[in-house]
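**Student:** With full-length UniProt numbering as the guide, the letters of the sequence shown map in order to residues 1 to 299.
Every residue, glycine too, gets a C-beta built ideally from N, C-alpha and C.
As the structure is a computational prediction, the values presented were derived from the model and not from experiment.
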Amino acid sequence: MATIYTHQGENIRKTWFLMAGFLVMVIAVGYGVAWYLGNPIILYVAIAFALLMNVGSYWFSDTLVIKMTGAKPLDMHNPQYREVQRIAENLAITAGIPMPKMYVVHDPSPNAFATGRDPQHAAVAVTSGILDLLDRNELEGVLAHEFSHVGNRDMLVATVAVVLAGFVAIVADMLMRAALFGGGNNDNRNPVVLIIGIVGIILAPIAAQLIHLAISRKREYLADASGVLLTRYPEGLASALEKISGHARPMERASHATAHLFISDPFAEGNKRSIGQKVSGLFQTHPPAHDRIRRLREM
């Protein structure tokens, strides 16, 4: 039977799999370019770069996510933020984890996320919109959900995926520019470079999506259930998800690279389904809110 501990172990294995897959991909591309240009130095550079990216994605991913989302530390002079801090401290004690660093994202869209490589280096952020929308019990339910991600070590694989998916997107953009505008004289452009660029443009988004698919949506259900174990009040989180889905709007600094970190789809608008949801449920970063609410109210 699956337990929290087997889930934690699975997340650690997924993280190593992502990092190893990324290493192989970059080395393969480096080898291909080095072979084509007859310059072995390119391969060595690719290996060094891949190793550097893997180390960076593990050690500094939480800092990168905080900067990408524009999150700021809570100002303890603000009574609203002091209440958030008190709730968080109580939940950390209940969950038996170190107190995460708490942040706020100044955005009217109601949302929250957790990041960090382990419970000792965790950070939890809430938007100003969610603080204005939810009452204390609902906010406690949301924070319990995020603290469960910390305790379940969901953040490790999710945060590493942010960095690697972001890198894939950057490479895709570079390949596109090289294919379309590179080479100076367009008439003398190497057709091989053009083909590589086009292939990269096609495959890079798919690779990025595969990284996201490695982040199972089941972790959201597990965090919902684990959060309820902390609060002993399923209705708090159920009511919060109901309000969040009803008042959702695209976040000002929404990014597909970080979308799976949030408690709710940062691209959603009200109860409308996002484009990804309309195309296929397979590509959703989050399970349907109504299904999560139903499960919570059946507890």
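What number of angstroms, rounded off, separates the C-alpha of Y31 from the C-alpha of P40?
**Tutor:** Here residue 31 refers to the residue found at position 31 when the sequence shown is read from its first residue. Here residue 40 refers to the residue found at position 40 when the sequence shown is read from its first residue. Each residue's alpha carbon lies about 8 Å from the other.
**Student:** I'd like to check one pair, M102 with V84: are the Cβ atoms closer than 8 Å?
**Tutor:** In the sequence shown, counting from the first residue as 1, residue 84 sits at position 84. In the sequence shown, counting from the first residue as 1, residue 102 sits at position 102. Yes, Cβ-Cβ distance for V84 and M102 is below 8 Å.
**Student:** Counting C-beta neighbours from all protein chains within 10 Å, is the total for G96 16 or more, i.e. buried, or is it exposed?
**Tutor:** Taking the sequence shown and counting its residues from 1, one reaches residue 96 at position 96. Its Cβ having fewer than 16 others within 10 Å, G96 is exposed.
**Student:** If the criterion is Cβ atoms closer than 8 Å, does the pair M25 and T258 meet it?
**Tutor:** On the sequence shown, residue 25 is found 25 positions in, with the first residue counted as 1. On the sequence shown, residue 258 is found 258 positions in, with the first residue counted as 1. No; because the gap between Cβ atoms is not below 8 Å, this pair is not in contact.
**Student:** Taking the DSSP output, what are the residues bridged to F262?
**Tutor:** Within the sequence shown, the letter at position 262 stands for residue 262. Its beta-bridge partners are F113.
**Student:** Sorted by chain position, which residues of the same chain lie with C-beta nearer than 7 Å to A46's C-beta, five sequence neighbours on each side aside?
**Tutor:** Here residue 46 corresponds to residue number 46 of the sequence shown, with the count starting at 1. If we look at A46 and ignore the five residues flanking it on each side, its Cβ neighbours are V26, I27, V29, G30.
**Student:** Taking all protein chains shown into account, decide if G116 is buried (16 or more other Cβ within 10 angstroms of its Cβ) or exposed.
**Tutor:** Taking the first residue of the sequence shown as position 1, residue 116 is located at position 116. Looking at its Cβ environment, which holds 16 or more other Cβ atoms inside 10 Å, G116 is buried.
**Student:** If we ignore side chains and look at the alpha-carbon of each, how far apart do P234 and E242 end up?
**Tutor:** In the sequence shown, counting from the first residue as 1, residue 234 sits at position 234. In the sequence shown, counting from the first residue as 1, residue 242 sits at position 242. P234 and E242: Cα-Cα distance of roughly 12 Å.
**Student:** Straight-line CA distance for residue 330 to A240?
**Tutor:** Nothing about residue 330 can be reported from this structure: the residues present for the chain run from 1 to 299 only.
**Student:** Specify the secondary structure class of M251 as computed by DSSP and reduced to three states.
**Tutor:** The residue you call residue 251 lines up with position 251 of the sequence shown. Residue state, collapsed to three classes: coil.
**Student:** How long is the line joining the alpha carbons of F147 and S226, rounded to whole angstroms?
**Tutor:** Here residue 147 refers to the residue found at position 147 when the sequence shown is read from its first residue. Here residue 226 refers to the residue found at position 226 when the sequence shown is read from its first residue. Going from the Cα of F147 to the Cα of S226 covers about 9 Å.
**Student:** Taking C-alpha atoms, which residue in A268, V157, A71, G38 lies nearest to H247?
**Tutor:** As a first step, residue 247 is located in the sequence shown; it is residue number 247 there, counting from the start. Of the candidates A268, V157, A71, G38, the one whose C-alpha sits nearest the C-alpha of H247 is A268.
**Student:** Under a Cβ-count criterion, where at least 16 other Cβ atoms within 10 Å of its own Cβ denotes burial, should E89 be classed as buried or exposed?
**Tutor:** Indexing the sequence shown from 1 puts residue 89 at position 89. Label assigned to E89: exposed.
**Student:** Quick one: using the 10 Å Cβ neighbour count with 16 as the cut-off for buried, is H286 buried or exposed?
**Tutor:** Numbered from its first residue, the sequence shown carries residue 286 at position 286. By the 10 Å Cβ count, H286 comes out buried.
**Student:** Taking the alpha-carbon positions, what's the G21 to E298 distance?
**Tutor:** As a working note, residue 21 is residue 21 in the sequence shown. As a working note, residue 298 is residue 298 in the sequence shown. The alpha-carbon atoms of G21 and E298 are separated by roughly 40 Å.
**Student:** Could you tell me which of K72, D291, L52 sits nearest to A112, measuring between CA atoms?
**Tutor:** Sequence index remark: in the sequence shown, residue 112 carries index 112 (1-based). When only C-alpha atoms are compared, the closest one is K72.
**Student:** Does the separation of the CB atoms of L52 and A144 fall below 8 Å?
**Tutor:** The residue labelled residue 52 in the question sits at position 52 within the sequence shown. The residue labelled residue 144 in the question sits at position 144 within the sequence shown. No. Outside cutoff.
**Student:** For H121, count neighbouring C-beta atoms within 10 Å of its own C-beta (all shown protein chains included) and say buried if the count is 16 or more, exposed if not.
**Tutor:** Locating residue 121 in the sequence shown gives position 121, where the first residue counts as 1. By the 10 Å Cβ count, H121 comes out buried.
**Student:** By alpha-carbon positions, which one of H256, S109, L237 ends up nearest to D135?
**Tutor:** Counted from its first residue, the sequence shown places residue 135 at position 135. Considering only alpha carbons, the answer is L237.
**Student:** I'd like the span of the beta strand (DSSP E) that includes M102, first residue to last.
**Tutor:** Along the sequence shown, one-based indexing puts residue 102 at 102. Its beta strand (DSSP E) spans residues 101-105.
**Student:** Beta strand (DSSP E) containing A92: first to last residue?
**Tutor:** Counting from one through the sequence shown, the residue named residue 92 turns up at place 92. That residue, A92, is in no beta strand (DSSP E); its alpha helix (DSSP H) goes 79-95.
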